[in-house]
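Enquirer:
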Amino acid sequence: MRACRREPVDVTPVWFMRQAGRYMSEYRALRARHSLLEICRAPDLATEVTLQPVRRIEVDAAILFSDLLLPLEPMGLPFDFVKGEGPQIEHPIETPSDIDRLKVFEPREALRHVLEAIEQIQRELNGRVPLIGFAGAPFTLASYAIEGGHSNNFARTKSLMYGHPEAWHRLCEKFATVIADYLVAQIEAGVDVVQVFDSWVGTLSPADYREFALPHSHRIFQAVAGRVPSIHFGTGTATMFDELREAGGDVIGVDWRVPIDEAWEQIGFDRAVQGNLDPTLLLGPPRRMLDQAEDILERVAGRPGHIFNLGHGILPSTAVENVQMLAQYVHRASRQIR
Ligand code: CP3
Numbered sequence: 362m363r364a365c366r367r368e369p370v371d372v373t374p375v376w377f378m379r380q381a382g383r384y385m386s387e388y389r390a391l392r393a394r395h396s397l398l399e400i401c402r403a404p405d406l407a408t409e410v411t412l413q414p415v416r417r418i419e420v421d422a423a424i425l426f427s428d429l430l431l432p433l434e435p436m437g438l439p440f441d442f443v444k445g446e447g448p449q450i451e452h453p454i455e456t457p458s459d460i461d462r463l464k465v466f467e468p469r470e471a472l473r474h475v476l477e478a479i480e481q482i483q484r485e486l487n488g489r490v491p492l493i494g495f496a497g498a499p500f501t502l503a504s505y506a507i508e509g510g511h512s513n514n515f516a517r518t519k520s521l522m523y524g525h526p527e528a529w530h531r532l533c534e535k536f537a538t539v540i541a542d543y544l545v546a547q548i549e550a551g552v553d554v555v556q557v558f559d560s561w562v563g564t565l566s567p568a569d570y571r572e573f574a575l576p577h578s579h580r581i582f583q584a585v586a587g588r589v590p591s592i593h594f595g596t597g598t599a600t601m602f603d604e605l606r607e608a609g610g611d612v613i614g615v616d617w618r619v620p621i622d623e624a625w626e627q628i629g630f631d632r633a634v635q636g637n638l639d640p641t642l643l644l645g646p647p648r649r650m651l652d653q654a655e656d657i658l659e660r661v662a663g664r665p666g667h668i669f670n671l672g673h674g675i676l677p678s679t680a681v682e683n684v685q686m687l688a689q690y691v692h693r694a695s696r697q698i699r
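Residue numbering for the sequence shown follows our numbering, beginning at 362 and increasing consecutively.
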């Protein structure tokens, strides 16, 4: 929490995305009995999975176990996770009139189970580490709603964006309204920090980001400003730090495609930064992973406002020992740098 506020800390805090995930045997054991959506919808199970990595790894934050796509269903876009293929939306958005049919819903009713999970997790964490809540940014949510799943070139998304800009903005306004309200509801339920995931926004040019994504993400950051610290996550964003910062976030995510000191200088030292290690390095060899972690810590040089993390989520084939080793290393080495 102090790092989010750019206050001095004695040890660099560290956490990981998908820290609950397929690389942990206790998660796989639970997943053998329940689908991903079942876990997301049952507060007891979501609580258990949220706490698994906190027990096993020296992390300084827990991230709520949920999924970025959950708000799609109550908006009228049911989906499922298909083994080996990832998320699949049943009837993706094709025309502007599909957008008008989307519902703006009350998260305190439709996603009540997520809020209950937050309350239960906070009771069990009992102050041990802060809890990060999260949601998707309008661009990334729109890309799933339009593509129907993952995409490499975002052709459908961009066709709608360029071909029907008014419809695009109507869609993103709906997402911004829903997500702002959902994050406020998560804060009311007790999360300590919120992270907004704009995972695929790096596919846009800075000018297109400014025109098509920035105003909508900005509305979300405005809604949570002054309540709890916010983290603005994206990948492939090295050319648009000015725009990301303008959209908002007390902490700005940085992936591995840019050295963290150069990124921070562009973002501005009045914001905190998070991320930077390539998740692939956790596959080994450990020496290379630790050398790169050391390089990140040296570039940051103890400046207040750094949260150690990966540039994206932990890969399923990662050995849990490497994750443990990395977290321990960050704590030990960052103490020495200070
Ligand atoms: O980090 C955490 O453990 C918190 C839980 C979390 C999940 N999804 C659970 C999950 C978080 C923060 C997310 C966010 C999310 N979901 C994002 C943004 C972060 C990012 O990775 O960029 C996105 C794009 C999604 C949508 C989604 N959910 C995808 C693309 C997939 C991958 C499907 C695949 O087969 O690779 C998921 C599935 C998912 N959500 C898993 C987890 C732990 C995979 C594990 C499983 O299937 O059991």
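Beta carbons: idealized from backbone N, C-alpha and C, even for Gly.
What are the uninterrupted segments assigned as alpha helix (DSSP H) that are 4 or more residues long and contained completely in the region 370-453, given in chain order?
Expert: 386-392, 397-402, 404-417, 433-436
Enquirer: Is it true that the region 623-637 meets the region 662-675, where meeting means three or more beta-carbon pairs spaced less than 8 Å apart?
Expert: yes
Enquirer: Look at Ala546 and Leu463 and say whether their C-beta atoms are less than 8 Å apart.
Expert: no
Enquirer: Between which two residues does the beta strand (DSSP E) harbouring Leu671 extend?
Expert: 667-671
Enquirer: Taking Asp459 as the reference, which of Asp428, Val372, Ala516, Trp529 has the closest Cα?
Expert: Trp529
Enquirer: Within the present structure, is the beta-carbon of His673 separated from the nearest heavy atom of the ligand CP3 by less than 7 Å?
Expert: yes
Enquirer: Mapping the DSSP letters down to three states, classify Gly636 as helix, strand or coil.
Expert: strand
Enquirer: By DSSP, does Leu565 sit in helix, in strand, or in coil?
Expert: coil
Enquirer: Measuring only from the beta carbon, is Ala381 closer than 7 Å to any heavy atom that is part of the ligand CP3?
Expert: Yes, since a heavy atom of the ligand CP3 falls inside the 7 Å radius drawn around the Cβ of Ala381.
Enquirer: Please say whether Gln556 and Ile592 have beta carbons closer to each other than 8 Å?
Expert: yes
Enquirer: Helix, strand or coil: which one does DSSP assign to Ala546?
Expert: In this structure, DSSP gives Ala546 a helical state, which the three-state scheme calls helix.
Enquirer: Buried or exposed: where does Thr456 fall if 16 or more other Cβ atoms within 10 Å of its Cβ makes it buried?
Expert: exposed
Enquirer: If you count every other CB in all the chains shown that lies within 10 Å of the CB of Glu623, and 16 or more means buried, which is it?
Expert: By the 10 Å Cβ count, Glu623 comes out exposed.
Enquirer: What are the residues that DSSP puts in a beta bridge with Gly494?
Expert: Val555
Enquirer: Please tell me whether Phe442 and Leu398 are closer than 8 Å, where the distance is taken between their beta carbons.
Expert: The Cβ atoms of Phe442 and Leu398 sit closer than 8 Å to each other.
Enquirer: Going by CA-CA distance only, name the one from Leu502, Ala688, Arg618 that's closest to Leu532.
Expert: Answer by Cα proximity: Leu502.
Enquirer: Span of the beta strand (DSSP E) holding Ser591?
Expert: Here the beta strand (DSSP E) through Ser591 covers 591-595.
Enquirer: Where does Arg484 land, buried or exposed, given buried means 16+ other C-beta within 10 angstroms?
Expert: It is exposed - the Cβ of Arg484 has fewer than 16 other Cβ atoms within 10 Å.
Enquirer: Taking the CB atoms as reference points, tell me whether Thr596 and Asp611 lie closer together than 8 Å.
Expert: no
Enquirer: If you drop the 5 nearest sequence neighbours on each side, which residues of the same chain put their C-beta closer than 8 Å to that of Gly382?
Expert: Tyr388, Gly674, Ile675, Pro677
Enquirer: Quick one: give me the first and last residue of the beta strand (DSSP E) that Gly524 is part of.
Expert: No beta strand (DSSP E) holds Gly524; the alpha helix (DSSP H) holding it covers 516-524.
Enquirer: Starting from Ile613, trace the alpha helix (DSSP H) both ways and give me its first and last residue.
Expert: No alpha helix (DSSP H) holds Ile613; the beta strand (DSSP E) holding it covers 612-615.
Enquirer: Should Leu472 be listed as close to the ligand CP3, given that the test is whether its C-beta is under 7 Å from any heavy atom?
Expert: Not so, every heavy atom of the ligand CP3 lies at least 7 Å from the Cβ.
Enquirer: Grab the span of the alpha helix (DSSP H) containing Asp606 for me, first residue to last.
Expert: The question names Asp, yet the displayed sequence has Arg at residue 606. Run containing Arg606: 602-608, per the alpha helix (DSSP H) assignment.
Enquirer: Could you round the C-beta distance between Gly609 and His579 to whole angstroms and report it? I think they count as a contact, below 8 Å.
Expert: 6 Å
Enquirer: If I follow the unbroken alpha helix (DSSP H) through Ile482, where does it start and stop?
Expert: 473-486
Enquirer: Reducing DSSP to helix, strand and coil, say where Ala599 ends up.
Expert: coil
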